[in-house]
Amino acid sequence: MPDDATRPDPVFAAFCQAGLWPGLGRTLAEALSQAGIRGPEEVTADRLGELPRVGALRAQRLVSSWIGAGTTYQVARLVVPVGLSARLAGRAVDLLGDQAAQLLVDDPWRLLELPEVRIGDADRFAVATVPGVRREDPRRGRALVAHVLSRAARDGHTMLPAAMLVSALDAEGVPDPAGAVSAACETGMVVAGTDPDGGTVLALARFAMAEDGVAEAIARLMATARQIGEPGDVKEAAGDLDDTQRGAVTAALTHGVSVLTGGPGTGKSRTVEALVRVCARRDVRIALAAPTGRAAKRLEELTGATASTIHRLLGAHGRGEEDRGGGRFDYGTLVFSRGEGWPLDADVVVVDETSMLDAELAVALLEACADGTHLLLVGDPAQLPSIGAGRVLADIVESGAVPVTELTTLYRQAEGGAIARLATCVRDGRLPPVDSPDREVVVVPAAGSAQACHRVVQLVTDSIPRALGIDPADVQVVTPVHRGPAGTAELNRALKARLNPGRGTVNGFDPGDRVVATANHLDAEPFGFANGEIGVVTAAGSGQVTVEFTSGPAKVSGKALSDLMHGWAITVHRAQGSEWPAVVVVLPPEAGGMLSRPLVYTALTRAQRHLSIVHAAGPVLARAVREVGSRPRRTRLRELVRGGVEA
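Residue numbers (this note's numbering): 9 to 655.
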């Protein structure tokens, strides 16, 4: 047994293993004690120079990065001794800034502002940090108000009825719920409002402001729009469209905000392409965007016009960077250069896959549209709603305040015929037998999760490449769950073993690994990356990986490494907004409780040329498609848009 003199400091060890020391990879972290570096006071250039493959220059850089991580280490000294993950220290500094440690000592329940922290964790932290603190502390009640609303936001709600919030506070032992609500409102983090029936609702200020901003911007754009071109322009440039599609183009050229919806194969992209042609004839500036890099690339291919992600269109950047243009516009966790003070240089803005728009991204987009801009929102409300809070597309459609064109005629028969037909049936709540002699759609039954995992690996590595000539690099596995034998974690482990075996050079990643981002890191050099982007590792070493995303390369190190996961298998939510030549959808038994029509529909519509469905969910699948629609979200936007435009 090592004595105390040779045992690594537990906080230091946890800090290093968590990847919080920039430039220090897992291999070097494990070798620190061999060089006599067991605590902060032993971090010197001389000792670091004794590590494998660490020269004098790199040793100096590691010392500098260690000093730079000092504020994070101060927080780690608070959270690690009470059994919390050292990674929380990095999150806390990102959220609270360089004074995070002192802020947490002053008010330990501010730890609840981190989404991964539970109430019990914060209570334990408070007891360890502030001697004599009690559960009746008013700081606890105030923090729990925001925490309950934040937890609701993770389920998509932008507000809660006051009675529901008070009930949640009662359940957590808050002695004066009404006082806690008043205290939270006084901080400005929480605001009170009324629902259409006159009841009191409470919301985090960031989401209330976002929905207010969306409604105000829609009213402004509707009021300031002027007709673009002449009626004959649409007929000349869009003669190959049907009447409904031409009507959508006309609406986009007439109104400040309009919506185009429809399932796969109904011609949404052809309609947008015709709008691009009309704008080109009239020298009208048009900007095309989508929430994900793959969706933007697809939009570009289908229309022949340049497209980008919404983040890049708006000049997204990290909080530590200098502004890249006319100003800095903050929307919750998002920071953009484009906004009301420096709007987009476009007369027409088209955004695809808008079912993915949450309230904060939507307000950033709309406020960046100058007076007179025409905004066309293209999407499919039958898909899953956004990961973030809100139901923007559905609320705008249901408001009845802007023109909505729904395409229903199924045109895509030769390409994507079987996939489109199946998706259309599921969209309508039916799960028919698969009829696909050309094997465009294949159903592979499995007798449980373990067998489902085996079938998936077999399909990706052998059956699909051999029978259809589709390379494994063009096959994406999609599953509803993270855990279990057929969840993302186990599927990625099995697929890596077959497709790109390796020891995990940096944080478990090797060159050739497919990865997916689980958070925004827009400041990563040189191009940054956004939550949900998928890429391939091209280099790994010295505590850093380089990932080639659709939008460009990014060097990932330090805390950002923990926000990458292997991406051969991803959840349905992360797959939304992207398409692949071939998709394997796996439906294991443990997914039964979360299956719904929007989830199944979204999963099926990720495939372009081939869809394999590994079915182990039993009869619950048909029942979910038939009976389980979108889970209700509590939002204010529908009424706000209706009232704003009517006013």
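Just so it is clear, CB atoms sit at the ideal spot from N, CA and C, and this is done for glycine as well.
Between the alpha carbons of L32 and G566, how many angstroms are there, rounded?
Within the sequence shown, residue 32 is the residue found at index 24, counting from 1. Within the sequence shown, residue 566 is the residue found at index 558, counting from 1. When rounded, the distance between both Cα atoms is 8 Å.
Across which residues does DSSP place A298 in a beta bridge pair?
For the purposes of this step, residue 298 is taken as the residue at position 290 of the sequence shown. In DSSP, A298 forms a bridge with T317.
Is it the case that the Cβ atoms of I395 and T496 are separated by a distance below 8 Å?
Translated into positions along the sequence shown, residue 395 becomes position 387. Translated into positions along the sequence shown, residue 496 becomes position 488. For the pair I395 and T496, the CB atoms are not nearer than the 8 Å cut-off.
First and last residue of the uninterrupted beta strand (DSSP E) at R617:
For the purposes of this step, residue 617 is taken as the residue at position 609 of the sequence shown. Here the beta strand (DSSP E) through R617 covers 615-623.
Give me, in chain order, the residues of the same chain whose beta-carbon lies closer than 6 Å to that of E541; leave out the 5 immediate sequence neighbours on both sides.
Numbered from 1 along the sequence shown, position 533 holds the residue referred to as residue 541. Result list for E541: G301, A525, F557, in chain order.
Do you know whose CA, among H574, E58, P393, lies nearest R605's CA?
Counting from one through the sequence shown, the residue named residue 605 turns up at place 597. The shortest Cα separation from R605 among H574, E58, P393 belongs to P393.
Counting Cβ pairs closer than 8 Å, one from the segment 591-603 and one from the segment 624-637, do we hit at least three?
These segments touch.
Select from T317, R582, V564, L607 the residue whose C-alpha is nearest the C-alpha of W29.
Mapped onto the sequence shown, residue 29 falls at position 21. When each option's Cα is compared against that of W29, the closest is V564.
Beta-carbon separation of R657 and F23 under 8 Å?
The structure shown does not extend to residue 657, since the chain is modelled only from 9 through 655, so no value can be given for it.
Compute the Euclidean distance between the alpha carbons of R293 and A481, then round it to the nearest angstrom.
Taking the first residue of the sequence shown as position 1, residue 293 is located at position 285. Taking the first residue of the sequence shown as position 1, residue 481 is located at position 473. Rounded to whole angstroms, R293 and A481 show a C-alpha spacing of 36 Å.
Report the residue ranges of all alpha helix (DSSP H) runs contained in full by the segment 136-184; include only those spanning at least 4 residues, in chain order.
Assignment of alpha helix (DSSP H) within the segment 136-184, counting only whole runs of 4 or more residues, yields 146-162, 170-179 in chain order.
Taking C-beta to C-beta, are L177 and P169 nearer than 8 Å?
What you label residue 177 is simply residue 169 of the sequence shown in a count that begins at 1. What you label residue 169 is simply residue 161 of the sequence shown in a count that begins at 1. Not in contact: L177 and P169 (Cβ atoms no closer than 8 Å).
Coarse secondary structure for V636, derived from DSSP in three states:
Within the sequence shown, the letter at position 628 stands for residue 636. Under the three-state reduction of DSSP, V636 is assigned to coil, being neither helix nor strand.
Would you check if the distance between the CB atom of R314 and the CB atom of L296 is smaller than 8 Å?
Along the sequence shown, one-based indexing puts residue 314 at 306. Along the sequence shown, one-based indexing puts residue 296 at 288. Strictly speaking, residue 314 in this sequence is Thr, with Arg absent from that position. Going by C-beta atoms, T314 is nearer than 8 Å to L296.
Could you name the residues of the same chain whose beta carbon sits closer than 8 Å to that of A191, not counting the 5 residues immediately before and after it, in chain order?
Looking up residue 191 in the sequence shown gives position 183. Exclusion of the five residues before and after A191 leaves P146, G149, R150, V153 as the residues of its chain whose Cβ lies within less than 8 Å of its Cβ.
Starting from the C-beta of R69, find all residues in its chain whose C-beta is less than 8 Å away, skip the five residues before and the five after it, and write them out in chain order.
Against the sequence shown, residue 69 aligns to sequence position 61. For R69, where only same-chain residues beyond five positions count, the Cβ hits under 8 Å are G31.
Rounded separation between D17 and L530 - CA only
Working through the sequence shown from its first residue, we reach residue 17 at position 9. Working through the sequence shown from its first residue, we reach residue 530 at position 522. Whole-angstrom Cα-Cα distance: 33 Å.
Taking all protein chains shown into account, do 16 or more other C-beta atoms lie within 10 angstroms of the C-beta of T362, making it buried, or fewer, making it exposed?
Residue mapping note: residue 362 aligns to position 354 of the sequence shown, counting from 1. By the neighbour-count rule (16 or more Cβ atoms within 10 Å), T362 is buried.
With DSSP as the reference, label H382 as helix, strand or coil.
Taking the first residue of the sequence shown as 1, we reach residue 382 at position 374. Strand at H382.
So what does DSSP say about W117, is it helix, strand or coil?
Here residue 117 corresponds to residue number 109 of the sequence shown, with the count starting at 1. The three-state secondary structure of W117, taken from DSSP, is helix.
Segment limits, beta strand (DSSP E) that includes R1:
Residue 1 is absent from the structure shown; the chain starts at 9 and stops at 655.
Near A6, what residues of its chain come up, given a Cβ to Cβ distance below 7 Å and the 5 sequence neighbours on each side ignored?
This structure does not reach residue 6, given that the chain is present from 9 up to 655, and the question cannot be answered.
Going by Cα to Cα distance, which pick from G408, A53, L373, V125 is closest to A64?
Residue numbering aside, residue 64 sits at position 56 when the sequence shown is read from its first letter. Residue A53 is the option with its Cα nearest to A64.
E423 in three-state terms, based on DSSP:
Locating residue 423 in the sequence shown gives position 415, where the first residue counts as 1. At E423 the pLDDT is 46, less than 50, meaning the model places this residue with poor confidence; the figure from the coordinates comes in the next sentence. Three-state result, E423: coil.
Tell me where the beta strand (DSSP E) around T362 begins and ends.
Counting from one through the sequence shown, the residue named residue 362 turns up at place 354. That residue, T362, is in no beta strand (DSSP E); it is neither H nor E in DSSP.
Round the Cβ separation of G271 and T432 to the nearest angstrom and send it over; I've been treating them as touching at under 8 Å.
As a working mapping, residue 271 is identified with position 263 in the sequence shown. As a working mapping, residue 432 is identified with position 424 in the sequence shown. Contact between G271 and T432 is confirmed by a C-beta separation of about 5 Å, below the 8 Å threshold.
May I ask you to verify whether the segment 251-259 touches the segment 272-281, counting CB pairs closer than 8 Å and requiring at least 3?
By the Cβ criterion, the segment 251-259 is in contact with the segment 272-281, since at least three pairs of Cβ atoms, one from each stretch, lie closer than 8 Å.
Tell me whether E329 sits in a helix, a strand or coil according to DSSP, three-state version.
Taking the sequence shown and counting its residues from 1, the one referred to as residue 329 is at position 321. Since pLDDT at E329 reaches only 48, below the 50 mark, its modelled position is unreliable, and no value is offered.
For T287, I'd like the list of residues in its chain whose CB is within less than 8 Å of its CB, leaving aside the five on either flank, ordered along the chain.
The residue you call residue 287 lines up with position 279 of the sequence shown. The displayed chain sequence assigns Cys, not Thr, to residue 287. Taken in chain order, the residues that qualify are I236, R293, I294, D355, V356.
Under 6 Å Cβ to Cβ from G520, same chain only, skipping five residues before and after it: list those, please.
Numbered from its first residue, the sequence shown carries residue 520 at position 512. Closer than 6 Å at the Cβ level, and outside the excluded window around G520, lie N508.
So, V198 versus A367, is the Cβ gap smaller than 8 Å?
Here residue 198 refers to the residue found at position 190 of the sequence shown. Here residue 367 refers to the residue found at position 359 of the sequence shown. With contacts defined as CB atoms closer than 8 Å, V198 and A367 fail to qualify as a contacting pair.
Using the Cα positions of T546 and V514, report the straight-line distance between them to the nearest angstrom.
Translated into positions along the sequence shown, residue 546 becomes position 538. Translated into positions along the sequence shown, residue 514 becomes position 506. Roughly 12 Å between the two C-alpha positions.
Quick check: the Cα distance between M230 and D291, rounded to an integer number of angstroms?
The residue labelled residue 230 in the question sits at position 222 within the sequence shown. The residue labelled residue 291 in the question sits at position 283 within the sequence shown. Distance between the alpha carbons of M230 and D291 is about 22 Å.
Presumed contact (8 Å Cβ cut-off) between F133 and L103, rounded CB distance
For the purposes of this step, residue 133 is identified with residue 125 of the sequence shown, where counting begins at 1. For the purposes of this step, residue 103 is identified with residue 95 of the sequence shown, where counting begins at 1. The beta-carbon distance between F133 and L103, rounded to whole angstroms, is 15 Å. This is too long to meet the 8 Å contact definition.
Length of the line joining the Cα atoms of A397 and H165
Here residue 397 refers to the residue found at position 389 of the sequence shown. Here residue 165 refers to the residue found at position 157 of the sequence shown. Answer to the nearest angstrom: the Cα atoms are 6 Å apart.
Report the three-state DSSP secondary structure of W74 (helix, strand or coil).
Looking up residue 74 in the sequence shown gives position 66. In the structure shown, W74 falls within a helical segment according to DSSP collapsed to helix, strand and coil.
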